[in-house]
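Student: Going by the working numbering, the residue at position 232 of the sequence shown is 232; the numbering climbs one at a time, nothing skipped.
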Amino acid sequence: MKKLQETIKSITPLSKNHMDLAKERLDLLIKPLDSLGKLETIAIQLSGIYENNYYDTSNKLILGFGADHGVYEENVSPCKQVVTQQQFANFVGGGNGVSTLCNFTNSHVWAIDVGINCDEEITGVFNEKIRKSTDNMRIGPAMAYDEAIKSLEIGIKYATLAKEKGYKVIGIGEMGICNTTPSTAIMSVFFDLLPENITGMGCGLDNEGILRKMNVIKDSIKINKPDKNDPIDILAKVGGFEIGAMAGAILGAASLRMPVVLDGFISYAAFIIAYGLNNLCKDYAIPSHMSAEPASKLVLDKLSLSPLLNLDMKLGEGSGAALAFNIIEAANFTYKNMLTFDESNMENTHP
Numbered sequence: 001m002k003k004l005q006e007t008i009k010s011i012t013p014l015s016k017n018h019m020d021l022a023k024e025r026l027d028l029l030i031k032p033l034d035s036l037g038k039l040e041t042i043a044i045q046l047s048g049i050y051e052n053n054y055y056d057t058s059n060k061l062i063l064g065f066g067a068d069h070g071v072y073e074e075n076v077s078p079c080k081q082v083v084t085q086q087q088f089a090n091f092v093g094g095g096n097g098v099s100t101l102c103n104f105t106n107s108h109v110w111a112i113d114v115g116i117n118c119d120e121e122i123t124g125v126f127n128e129k130i131r132k133s134t135d136n137m138r139i140g141p142a143m144a145y146d147e148a149i150k151s152l153e154i155g156i157k158y159a160t161l162a163k164e165k166g167y168k169v170i171g172i173g174e175m176g177i178c179n180t181t182p183s184t185a186i187m188s189v190f191f192d193l194l195p196e197n198i199t200g201m202g203c204g205l206d207n208e209g210i211l212r213k214m215n216v217i218k219d220s221i222k223i224n225k226p227d228k229n230d231p232i233d234i235l236a237k238v239g240g241f242e243i244g245a246m247a248g249a250i251l252g253a254a255s256l257r258m259p260v261v262l263d264g265f266i267s268y269a270a271f272i273i274a275y276g277l278n279n280l281c282k283d284y285a286i287p288s289h290m291s292a293e294p295a296s297k298l299v300l301d302k303l304s305l306s307p308l309l310n311l312d313m314k315l316g317e318g319s320g321a322a323l324a325f326n327i328i329e330a331a332n333f334t335y336k337n338m339l340t341f342d343e344s345n346m347e348n349t350h351p
């Protein structure tokens with residue numbers, strides 16, 4: 001708990017001075033004011049994060065966390081649970097969505113097992129297993145309060161290690177069959193949303209399956225009574241180990257003044273936990289894309305987060321975050337290399 005408390009307390013606001021200077025430079029570039037839209041927003045945000053008007057974003061990493069869920073017993077996913085273990089091996093073995101996109105964007109991925117339901121270690125994967133799967137949240141809490149704290153501190157640990165290894169930008173990703181169920185429960189509790197209005201198909205449920213999943217979420221909230229004012233209690237009662245670890249990575253990145261790129265639906269749930277613990281972490285977050293899950297726009301609007309992309313993606317893994325790395329690089333490159341009016345001998349017609 002000490003590490004978590006220290007991390008939460010160490011998060012500070014962005015540097016307004018450096019953001020103002022970045023805005024001044026952007027306004028001198030040979031373009032109409034604000035015409036590069038979110039590319040300018042990113043450049044300004046990065047200046048505030050790094051406390052520098054010129055920065056390096058070339059070394060990028062996805063932190064992927066894997067875990068299973070006891071609520072799988074409630075038939076809330078059409079996929080077999082063993083897929084978590086099988087697919088997680090591909091995070092480091094290559095060939096799945098996130099590893100392929102990391103290869104494309106010249107970035108890296110670390111895979112961290114925080115609770116996959118298997119006894120054997122997975123080759124190339126960091127073993128931080130809290131235990132094999134959470135408990136069934138329809139029967140009782142998904143995990144103990146201390147386990148929730150442990151999952152958060154694992155995320156902080158790997159954000160810190162990424163910083164020590166020289167990474168400048170981190171993204172978060174996950175693997176965990178049926179983890180849209182706890183994610184939806186977290187959103188329902190935190191924002192007082194009715195499960196019937198936000199429950200989606202996950203990785204392919206039919207209408208009957210969506211109804212069953214919605215009832216499981218309703219029952220889980222009713223039985224566990226998570227405290228909406230205590231993000232750790234929410235995580236413990238209706239969350240997941242990988243969700244907690246992603247939330248910890250968000251907090252860790254913010255405390256280390258590193259930008260953290262959110263992925264899709266599961267990462268929104270993780271962000272809610274981190275935001276509830278210290279809302280300053282929002283200043284360090286870059287949402288990559290709008291998930292196709294039905295709750296996505298509603299939740300992101302409530303958090304005032306505007307994703308860079310809307311490609312109807314719902315894969316997870318960190319795939320959207322990896323894809324957004326190129327946009328961040330484009331923002332930085334444009335900010336550094338585009339000519340100013342003085343450099344181009346053009347007349348500045350800005351008001």
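Backbone N, C-alpha and C define an ideal beta-carbon position, used for all residues, glycine too.
Please read all numbers here as calculations on a predicted model, not as lab measurements.
Is it the case that the Cβ atoms of P231 and G276 are separated by a distance below 8 angstroms?
Tutor: Taking 8 angstroms as the Cβ cut-off, P231 and G276 qualify as a contacting pair.
Student: Am I right that F88 and I62 are in contact with their C-beta atoms under 8 angstroms? What's the rounded C-beta distance?
Tutor: Not a contact, Cβ separation roughly 13 angstroms.
Student: Along the chain, which unbroken stretches of the alpha helix (DSSP H) at least 4 residues long are found entirely within the stretch 142 to 183?
Tutor: Listed in chain order, the complete alpha helix (DSSP H) runs (minimum 4 residues) inside the stretch 142 to 183 are 145 to 164.
Student: If you count every other CB in all the chains shown that lies within 10 Å of the CB of N106, and 16 or more means buried, which is it?
Tutor: It counts as exposed.
Student: Excluding five sequence neighbours on each side, which residues of the same chain lie with their C-beta closer than 7 angstroms to the C-beta of I217?
Tutor: Cβ neighbours of I217 beyond the five flanking positions: T181, T184, A185, S188, P195, T199.
Student: Give me whichever residues DSSP pairs with A67 in a beta bridge.
Tutor: G115.
Student: Looking at the structure shown, is V260 part of a helix, part of a strand, or coil, going by DSSP?
Tutor: Of the three classes helix, strand and coil, the one that applies to V260 here is strand, per DSSP.
Student: Taking the runs of the beta strand (DSSP E) that are 3 residues or longer, which of them lie wholly in the stretch 58 to 109?
Tutor: Whole beta strand (DSSP E) segments, 3+ residues: 60 to 67.
Student: Measuring straight from C-alpha to C-alpha, what distance separates E40 and P32?
Tutor: Whole-angstrom Cα-Cα distance: 12 angstroms.
Student: Going by C-alpha distance, which of S344, T349, L323, N337 is nearest N103?
Tutor: Answer by Cα proximity: L323.
Student: Between A245 and V114, which are expected to be in contact by the criterion C-beta below 8 angstroms, what is the C-beta distance as a whole number of angstroms?
Tutor: The pair is a contact, with the Cβ atoms about 5 angstroms apart (cut-off 8 angstroms).
Student: Whole angstroms are fine: how far does the CA of S77 sit from the CA of G209?
Tutor: Taking the straight line from one Cα to the other gives about 8 angstroms.
Student: Would S288 and L308 qualify as a contact pair, given that the criterion is a beta-carbon distance under 8 angstroms?
Tutor: Their beta carbons are under 8 angstroms apart, which means S288 touches L308 by this criterion.
Student: Once DSSP output is grouped into helix, strand and coil, what is the label at P231?
Tutor: P231: helix per DSSP, three-state reduction.
Student: Looking only at its own chain, which residues have a Cβ that is under 6 angstroms from the Cβ of N59, when we skip the five neighbours before and after it?
Tutor: Here the set comprises G166, Y167, K168.
Student: Should T12 go down as buried or exposed, given a rule of 16 or more other Cβ atoms within 10 Å for buried?
Tutor: Answer is exposed; the Cβ neighbour count stays below 16.
Student: Is it a yes or a no for the stretch 248 to 261 touching the stretch 220 to 230, going by three-plus beta-carbon pairs under 8 angstroms?
Tutor: Taking 8 angstroms as the limit for Cβ pairs, the verdict is that the stretch 220 to 230 does not touch the stretch 248 to 261.
Student: Could you check where the alpha helix (DSSP H) with P195 kicks off and where it finishes?
Tutor: Looking at the DSSP string, the run of the alpha helix (DSSP H) that includes P195 is 195 to 198.
Student: DSSP three-state label for A285, please.
Tutor: A285: strand per DSSP, three-state reduction.
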